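> Before we start, here is the structure in question, set down as structure tokens.
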Amino acid sequence: MDSALIPHGVQRCPLSKFALAVAVVGAVLLWGVYAMLLVWIKGLNQTNMNNYYGFALWIWADLTIIALGGGAFFTGFLRYIVGIKELKNIINYAVLIGFICYSSALLILGIDVGQPLRGWFIFWHANVHSMLTEVAFCLTCYFGVLTIEYLPLILENRQIDRVPFFHNLGHAMHEIMAVFAATGAFLSFFHQGSLGGVSGALFARPFGFREGIFVWPWTFFLFTWSAAACGPCFTLLITRITEKITGKKLVKENVVRLLAKIAGWMLATYIAAKIVDTLYWAMVTAPSKGFDVMFFYTGNSFYGIWILILEILVCGVVPAALLITPKWRENDTLLTTAFILAVLGVCINRWVMILQMLAIPVLPFEGWALYIPSWQEVATTILPIAYGVILIMISYRYLPVFPQEVELNPVKE
Amino acid sequence: MLPFSFEWIWDGGHLLFHGALWFALNVIGIGMTYCIGKAVYDTLKAKGSRHH
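Top line first, the protein sequences correspond to chains X and U. Using this note's numbering, the letters of the first sequence correspond one by one to residues 1 to 413. Using this note's numbering, the letters of the second sequence correspond one by one to residues 414 to 465.
What follows is the structure, encoded as structure tokens:
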């Protein structure tokens, strides 16, 4: 029925099966939309946020998906600025995933601010002393860049491409894509960094506070670095999942392993810097503020030293070793394990830098303040995942997302 | 925020933040204007050559 819209030379499942799958994920999406409407209509009392947790599950989700969406800017940087040609075979998917991540981040922020109609205040009545202002500027501009990067892919749809203007527009955009990619890399560098800079600048919270250079705490650089390392791992992990679900090889192994190798070296250097940063913080920064480092990991029922070991060793050192060692990288199971661990690592890092930091008492008469999100917060956090799955399904079905798919999966007549 | 807004102050913070914002928006805007303009030009040119 919709065969006229499906790219040439590829095979897709029947429309009924596709529609059923969209309906199932759509039900989850509607659950999230219902929770979102509750928050917008009734207000932030629908959440379990309080005076301890002004930043909560949504901000963790925001920072995490922005880091995971970093695959778009870093892959774009490698493809268009560094000029690694092989990556043209995965850049479309990286852009699509980045587009989903950043639109989701903006959606979550739209829910989190409680009064989205005043969202424009941050641009017009900007507080130029806030790192979050820079984040808002860069995030919005970069979402514009991602939309521009995603648009040529939409224009390549079989029916749209038949319209001469759209065909020419797609070509013109491809011609100067390097300019957009460079702008995206510039914007990403700053907003990824500033998100880390927020916790690093909080001198009243010694768990997050870090020294740095000029106005930038070390967390500024670590956040950008980790996004550049783990973002491509997320892109590759989603590619693996898509291949599993569709039962097809979509990207050649040399492309996957090349990006995995680059991500591996980024992760290895990041984790080395993170270890140095953690040691300096534990031995110099925290004691200078009157804290023994174990204070941050004891006296509560959840946050123990295990979380530090999990983040740095299990989800940092291990995947980095797996990705940079050629023999291990050649093994499919180990490679996928490395992707999962790297993604998990950046999720834990963002959790620790937001939620653990807020849980730790800062006054002598305070105890640990633990937090469990309300179902509305959980539903609105799952909402972008459902939206992302649907957008991937539609894009995969109707757009030539994977340039190597036809070659790797010849259709039998 | 633009320099003619009453909240504007001529200091480094405003110049840096808003300068970078307007720079990025200009690159995006000029880039897209170029693409649309070129697409219109190419489309009209192809139409014209078909008529001949």
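Every residue, glycine too, gets a C-beta built ideally from N, C-alpha and C. Since we're looking at a predicted model, the values are computed, not measured.
Per DSSP, residue 216/X is paired with what?
As DSSP reads the structure, residue 216/X sits in a beta bridge with 213/X.
> Whole angstroms are fine: how far does the CA of residue 57/X sit from the CA of residue 357/X?
13 angstroms
> Assign residue 36/X to buried or exposed, taking buried as 16 or more other Cβ atoms, counted over all protein chains shown, within 10 Å of its Cβ.
buried
> Secondary structure at residue 371/X, three-state DSSP: helix, strand or coil?
coil
> Please say whether residue 399/X and residue 154/X have beta carbons closer to each other than 8 angstroms?
yes
> Give the residues from the region 168-191 of chain X that approach chain U closer than 9 angstroms (Cβ to any Cβ), ordered along the chain.
168, 169, 170, 171, 172, 173, 175, 176, 179, 180, 182, 183, 186, 187, 190
> Mind checking whether residue 223/X and residue 192/X have CB atoms under 8 angstroms apart?
Cβ distance < 8 angstroms, so residue 223/X and residue 192/X count as in contact.
> Output the distance between the C-alpha atoms of residue 296/X and residue 360/X, rounded to the nearest integer angstrom.
7 angstroms
> Against residue 430/U, what residues of chain X qualify as contacts under a CB-to-CB distance less than 8 angstroms, listed in chain order?
126, 128, 133, 134, 137
> In whole angstroms, what is the alpha-carbon distance linking residue 110/X and residue 390/X?
Distance between the alpha carbons of residue 110/X and residue 390/X is about 20 angstroms.
> Can you list, in chain order, the residues of its chain with a C-beta nearer than 6 angstroms to that of residue 347/X? Leave out the 5 residues immediately preceding and following it.
Excluding positions up to five away in sequence, the list reads 64.
> Which stretch, first to last residue, makes up the alpha helix (DSSP H) that contains residue 265/X?
253-280
> What is the C-beta distance between residue 101/X and residue 66/X, in whole angstroms, given that I count them as a contact (C-beta under 8 angstroms)?
7 angstroms
> I'd like the list of long-range same chain contacts for residue 405/X, defined as Cβ closer than 6 angstroms, with 5 residues on each side in sequence excluded.
10, 250
> Have a look at residue 71/X and residue 230/X and give me their C-alpha separation to the nearest angstrom.
7 angstroms
> Measuring CA to CA, which of 137/X, 131/X, 80/X is closest to residue 106/X?
Here the closest residue by C-alpha is 137/X.
> Determine the burial state of residue 419/U: buried for a count of at least 16 other Cβ atoms within 10 Å of its Cβ, exposed for fewer.
exposed
> Using the beta-carbon of each residue, which ones in chain X are nearer than 7 angstroms to residue 444/U?
Within chain X, the residues placing a beta-carbon under 7 angstroms from that of residue 444/U are 176, 179, 180, ordered along the chain.
> Can you tell me the Cα-Cα spacing of residue 355/X and residue 8/X, whole angstroms?
Taking the CA atoms as reference points, residue 355/X sits about 48 angstroms from residue 8/X.
> Note down the Cα distance separating residue 290/X from residue 275/X, rounded to an integer number of angstroms.
21 angstroms
> Is it the case that the Cβ atoms of residue 126/X and residue 414/U are separated by a distance below 8 angstroms?
Yes, the pair counts as a contact, with Cβ atoms nearer than the cut-off.
> Who are the near neighbours of residue 426/U in its chain, counting only those whose CB is closer than 8 angstroms to its CB and skipping five residues on each side?
none
> So, is the C-beta of residue 144/X closer than 8 angstroms to a C-beta in chain U?
yes
> Chain U beta carbons: is any one of them nearer than 8 angstroms to that of residue 291/X?
no
> Quick one: complete alpha helix (DSSP H) runs, 4+ long, within the region 122-159 of chain X?
131-155
> Check whether the region 440-454 of chain U and the region 168-181 of chain X are in contact - that is, three or more C-beta pairs closer than 8 angstroms.
yes
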